[in-house]
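Residue numbers (the numbering used here): 232 to 553. Worksheet: the structure to be examined is printed underneath.
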Amino acid sequence: MIIRLQVFPPQALTFQSTLCYFPKPTKNPNPKSHSKTKFNGPSFLQTHTTSALHLTTTNPPQPTADSGHRFREKRLYLETLQVNPAKAFEKNPDFRSTPIDSLKSVVKCLSSMGIERCAVGRIFDMYPKLLTCDPYTDLYPIFDFLLNDVNIPFPDIRKSIIRCPRLLVCSVDDQLRPTLHFLEKLGFVGKNAITCQTTLLLVSSVEATLVPKLNYLQELGFSYEEVTRMVLRSPGLLTFSIHNNFRPKAGYFLKEMKGDLAELERFPQYFSFSLEGKIKPRHRLLVENGFSLSLPEMLKVSDGEFNVRLIEMRMQLIDERQ
């Protein structure tokens with residue numbers, strides 16, 4: 232099913248005066264649903280009118296600072312969204328001269344995709360540049376890409392954004408689409424296609440992030456095919472740091488645990504567990520008692536279940552000695 236969001240610019244208004252300035256619309260666009268599909272999500276249709284500002288000079292109008300009243304109104308609105316006003320104005324100085332209606336149009340746009348007001352505030356706090364974004368050019372193209380290129384179902388768009396708000400500040404053409412094509416070539420298609428759980432991979436740089444991680448895994452001794460199977464089985468591998476995750480955990484597994492690569496290939500989730508908090512303590516307990524467990528048996532259970540398993544193994548050992 233294809234859902235295509237089309238954004239139409241406001242109709243030009245005709246005035247007798249030739250010296251008229253038409254300010255950029257600040258409300259949501261009026262995208263039309265694809266002719267073959269009935270869009271069942273929230274309506275994006277917004278009726279907007281544009282008033283003309285008659286100029287007395289040929290110079291374009293310059294933005295001016297808000298009046299005291301409008302500035303206070305803007306601060307109060309940010310506070311209702313649970314956004315730190317001081318941080319917002321510091322990180323995005325242009326917001327001072329942005330009409331509050333422009334911000335409300337951004338909030339309305341995000342809300343129309345199912346994103347709760349409290350989550351909208353957290354997103355603004357993380358990425359203040361969104362306070363002055365244009366839904367026409369900055370947000371709707373991203374939603375359109377997720378719906379139609381990535382094929383994320385409409386109800387899951389919210390989950391994708393909540394999980395990775397950085398999607399909203401990425402360029403579709405420069406970042407998201409090239410990364411999607413790379414991941415599809417890697418095997419993220421069909422049953423392994425990108426979902427709302429893995430859309431965060433789309434914000435990763437292919438050359439600076441994804442390729443180096445794949446290369447490192449091959450340097451450990453895995454073939455390209457084995458690495459591909461590992462990342463498809465555990466996509467989180469592509470989000471882990473080589474320096475802080477892969478290198479220390481692979482080193483401990485190969486040197487201290489004397490493990491083999493075949494077991495890592497079967498259980499790549501090993502890299503998702505804490506080295507200091509779970510891997511080392513549990514391995515040491517097994518070594519001290521002369522026991523051994525497979526990686527899934529050692530790591531997938533809770534602390535309580537692991538301790539019970541350890542006691543059972545001790546009891547079994549005592550029975551065998553008697």
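Just so it is clear, CB atoms sit at the ideal spot from N, CA and C, and this is done for glycine as well. Just so we're clear, the structure is a prediction, and the values are computed from it rather than from any experiment.
query, result
"With the cut-off set at 9 Å, would you say Gln428 and Pro386 are in Cβ contact?", "no"
"Use the C-beta contact count for Lys305: other C-beta atoms within 10 angstroms, 16 or more gives buried, fewer gives exposed.", "buried"
"In angstroms with no decimal places, state the Cα-to-Cα distance between Thr368 and Ile473.", "35 Å"
"Looking at the unbroken alpha helix (DSSP H) that takes in Val351, where does it start and where does it end?", "348–357"
"Which of the three DSSP states, helix, strand or coil, is assigned to Met488?", "coil"
"If you check the beta carbons only, do Phe498 and Pro479 fall under 9 Å apart?", "no"
"Helix, strand or coil for Phe320? Go by DSSP, reduced to three states.", "helix"
"Please classify Pro396: is it buried, with 16 or more other beta-carbons within 10 angstroms of its beta-carbon, or exposed?", "buried"
"Beta carbon of Tyr483, beta carbon of Lys511: below 9 Å?", "yes"
"Return the chain-ordered list of same chain residues with a C-beta closer than 8 Å to the C-beta of Thr430, the five sequence neighbours on each side being excluded.", "Leu377, Val381, Ile383, Ser391, Arg394, Cys395, Leu398"
"Check whether the Cβ atoms of Phe471 and Ser503 sit closer than 9 Å, and answer yes or no.", "yes"
"I believe Val314 touches Gly352 by the beta-carbon criterion, under 8 Å. Please report the beta-carbon distance rounded to the nearest angstrom.", "5 Å"
"Got a sec? Which residues, its chain only, sit under 8 Å from Phe320 by beta carbon, not counting five neighbours each side?", "Phe326, Arg327"
"So, are the CB atoms of Val337 and Leu361 less than 9 Å apart?", "yes"
"State buried or exposed for Arg513, treating a residue as buried only when at least 16 other CB atoms are found within 10 Å of its CB.", "buried"
"Take the Cβ of Thr311 as the centre, count every other Cβ of all protein chains shown within 10 Å, and call the residue buried at 16 or more, exposed below.", "exposed"
"Decide if Tyr455 is buried, meaning its Cβ has at least 16 other Cβ atoms within 10 Å, or exposed.", "exposed"
"Determine, using beta carbons only, whether Phe413 and Val437 come nearer to each other than 9 Å.", "yes"
"Would you verify that the beta carbon of Ala317 is, or is not, closer than 9 Å to some beta carbon of chain D?", "The structure shown contains no chain D; it is built from a single protein chain."
"Throw me the rounded Cβ distance for the Val462 and Leu469 pair, which I believe falls under 8 Å.", "6 Å"
"Taking the straight line between their C-alpha atoms, what separation do you get for Leu370 and Ser342?", "12 Å"
"Thinking C-alpha only, which one of Thr410, Glu415, Pro324 is nearest Thr440?", "Thr410"
"Measure the C-alpha to C-alpha separation of Pro330 and Leu309 and round it to an integer number of angstroms.", "13 Å"
"Grab the span of the alpha helix (DSSP H) containing His300 for me, first residue to last.", "299–311"
"Pop quiz: Arg545 and Val532 are said to be a contact at Cβ under 8 Å. What is the actual Cβ separation, rounded to whole angstroms?", "Going by Cβ atoms, the distance from Arg545 to Val532 rounds to 16 Å, so no, they are not a contact pair."
"Contact check, Leu417 vs Thr459 under 8 Å by CB: the rounded distance?", "6 Å"
"Let me know if Ala317 comes out buried or exposed under the rule of 16 or more other beta-carbons within 10 Å of its beta-carbon.", "exposed"
"Where do the ends of the alpha helix (DSSP H) carrying Ile392 lie?", "385–394"
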